[in-house]
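In the working numbering, the protein residues as written are 3 to 310. What follows is one structure encoded as structure tokens, with my remarks underneath.
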Amino acid sequence: MIVRVLGSAAGGGVPQWNCACANCTAARAGDAPHRSSSSFAISATGERFWLVNVSPDIAQQIEAYAPLQPRMERGTPIAGMLLTDANVDHLGGLAVLRQAGDHAFTIYSTPTVRTLATAQEAFATFALPPHRWNSIVPGERFVLDGALAVDVIPIAGLTPGYAGRIPRGDAVVGFAMTDLASGERVLFAPVFMDVTPALVDAASTADAAFFDGSFWSDDELSDVGVAKAARSLGHAPVGGSEGSLAKLRDLPPGARRFYAHLNNTNPLLDERSDAARELRAAAFAIAYDGLELRFGASLRAPEPSVSL
Ligand SMILES: [Zn+2]
Ligand SMILES: [Zn+2]
């Protein structure tokens, strides 16, 4: 199994076009890496790929990763997408992929995510690419390409801002993918409002895991004049006694654990910050665009280089 981080930032990326915070300024100056909006590519063999979320940055993400590029006149190795939720930065890329021609993507999401996504005027205007949309429910398992078992992990979450940010049981899910050949397991939980026992269970059996790293503190957006708390946006902050790191730091040792989906205001993006030091001390790392993990005997590669 190959896991590639296509984008490691929350919506807006780093730098965000209308933001001059310290992190965005550092990225513009070349002092910190650019980060596109959160998305992952997964493949059992390196031939067919599945995306976990498809961000509006998908076109540039494909150009940055040759295995996702076409191998014939028109075509794509991208078989489809698994959506964790209906936030625009997690499915807006569907509109970017609308020139798919005869290629029908297979999309997996909960019924709530499907209803929210397909009711949006943006998609009515731009049109979705050809697709088959499969409904999945938390707790269920399905198999991709006969090789990757996907467990749908229930997640505490809210509907997106355009749908009122309402708590709903299937507004957000995580995905735990098991390589059926090697037994190795990777958890994707880029969005969650709280660390629930179900999330801890899924994390404790994963060989690698990606967690919601949107915000370090609940009131971090006030630094850029936005009066919204992290939790009210559906994201548990990473830091603090009630933060996700405090609840995840006692997981069994030995797995690779990353925070992904970082908002540009997050002090974790500055490796000299106290927050980044605390994260490293807990043996967590920050995902970055281009991070690749390879699992399975035939695919095993040296330890990936990890920033921070
Ligand atoms: Zn997002
Ligand atoms: Zn910024």
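Ideal Cβ positions, reconstructed from N, Cα and C, are used throughout, including at glycine. Since this is a predicted model, take the numbers as computed values, not measurements.
Problem - Nonlocal neighbours in the same chain, by C-beta distance under 6 Å from V5, ignoring five residues either side - result: Cβ neighbours of V5 beyond the five flanking positions: I44, V188, L295.
Practice task
Within its chain, find whatever has a CB closer than 7 Å to the CB of A303; leave out the 5 residues flanking it on each side and keep chain order.
Solution key: Reliability fails at A303, whose pLDDT of 46 lies under 50, so the model's placement of it is uncertain and the value that follows must be treated cautiously. So the qualifying residues of the chain are R296.
Exercise for the section: Might you give, ordered along the chain, the residues of its own chain that have their beta carbon closer than 8 Å to the beta carbon of R100, omitting 5 neighbours on each side? Expected result: Only residues of its own chain outside the window of five on either side were considered, and among them F128, A129, L130, P131 have a CB closer than 8 Å to the CB of R100, listed in chain order.
Exercise for the section: List in chain order: all unbroken beta strand (DSSP E) runs of 3+ residues lying wholly within the segment 136-173. Expected result: Listed in chain order, they are 143-146, 150-156.
Practice task
Would you kindly work out how many angstroms separate the C-alpha atoms of V1 and P58, rounded to a whole number?
Solution key: No answer is possible for residue 1: the residues shown for the chain start at 3 and end at 310.
Handout entry: Residue closest to F212, alpha-carbon to alpha-carbon, out of W218, A106, G176
Key = Comparing alpha-carbon positions, the option among W218, A106, G176 lying closest to F212 turns out to be G176.
Exercise for the section: Could you say which of H133, P239, S137, D104 lies nearest to R116 if we only look at CA atoms? Expected result: Taking only the C-alpha atoms, the option nearest R116 is S137.
Exercise for the section: Can you check the segment 186-249 for any alpha helix (DSSP H) of at least 4 residues that lies completely inside it and give the ranges in chain order? Expected result: DSSP runs (the alpha helix (DSSP H)) wholly in the segment 186-249: 199-206.
Handout entry: Contact belief for L270 with G215 at Cβ below 8 Å, rounded distance in angstroms
Key = For L270 against G215, the beta-carbon gap comes to about 6 Å, under 8 Å, which counts as contact.
Problem - Enclosing alpha helix (DSSP H) for L281 [first to last residue] - result: Note, L281: alpha helix (DSSP H), 276-283.
Problem - Distance cut-off 7 Å: S224 Cβ against heavy atoms of ligand 3 - result: Among the ligands present in this structure, namely ligand 1 and ligand 2, ligand 3 is not found.
Practice task
In angstroms with no decimal places, state the Cα-to-Cα distance between F103 and D272.
Solution key: The sequence given here has Gly at residue 103, not Phe. Going from the Cα of G103 to the Cα of D272 covers about 42 Å.
Exercise for the section: Look at the Cβ atom of R134, then the Cβ atom of T108, and state whether they are nearer than 8 Å. Expected result: In this structure, T108 lies closer than 8 Å to R134 by Cβ.
Handout entry: Given 8 Å, three or more beta-carbon pairs between the segment 155-171 and the segment 187-201
Key = Contact holds: three or more Cβ-Cβ distances are below 8 Å.
Problem - Of the residues R282, G82, A22, the one placed nearest L247, counting alpha carbons only - result: Selected option, being the one with the closest Cα: R282.
Practice task
Classify L93 as helix, strand or coil using the three-state DSSP reduction.
Solution key: Here L93 sits in helix by DSSP.
Exercise for the section: Compute the minimum distance between the beta carbon of G13 and the heavy atoms of ligand 1, and state whether it is under 7 Å. Expected result: Yes.
Practice task
From the DSSP output, read off the bridge partner residues of D181.
Solution key: Looking at the DSSP output, D181 sits in a beta bridge with L150.
Practice task
Examine ligand 1 and report whether any of its heavy atoms sits within less than 7 Å of the Cβ of D91.
Solution key: Within the cutoff, so yes.
Practice task
Take E65 and list the residues in its own chain whose beta-carbon comes closer than 8 Å to its own, dropping the five residues that flank it on each side.
Solution key: Q71, listed in sequence order.
Problem - Which of helix, strand or coil DSSP assigns to T47 - result: Coil, per DSSP.
Practice task
Look up L130 in the DSSP assignment and say whether it is helix, strand or coil.
Solution key: Three-state result, L130: coil.
Handout entry: Per-residue burial, M3 [other beta carbons within 10 Å of its own, 16 or more giving buried]
Key = Burial call: buried.
Handout entry: Distance between beta carbons of S40 and G14, contact taken as under 8 Å
Key = About 11 Å separates the two Cβ atoms, so there is no contact after all.
Handout entry: Classification of D291 by the beta-carbon crowding that lies within 10 angstroms, buried from 16 upward
Key = That one is buried.
Exercise for the section: Give me whichever residues DSSP pairs with I60 in a beta bridge. Expected result: As far as DSSP is concerned, I60 takes part in no beta bridge.
Exercise for the section: Say yes only if the C-beta of V175 is nearer than 7 Å to one or more non-hydrogen atoms of ligand 1, and no if none qualify. Expected result: Relative to ligand 1, V175 has its C-beta separated by 7 Å or more from all heavy atoms.
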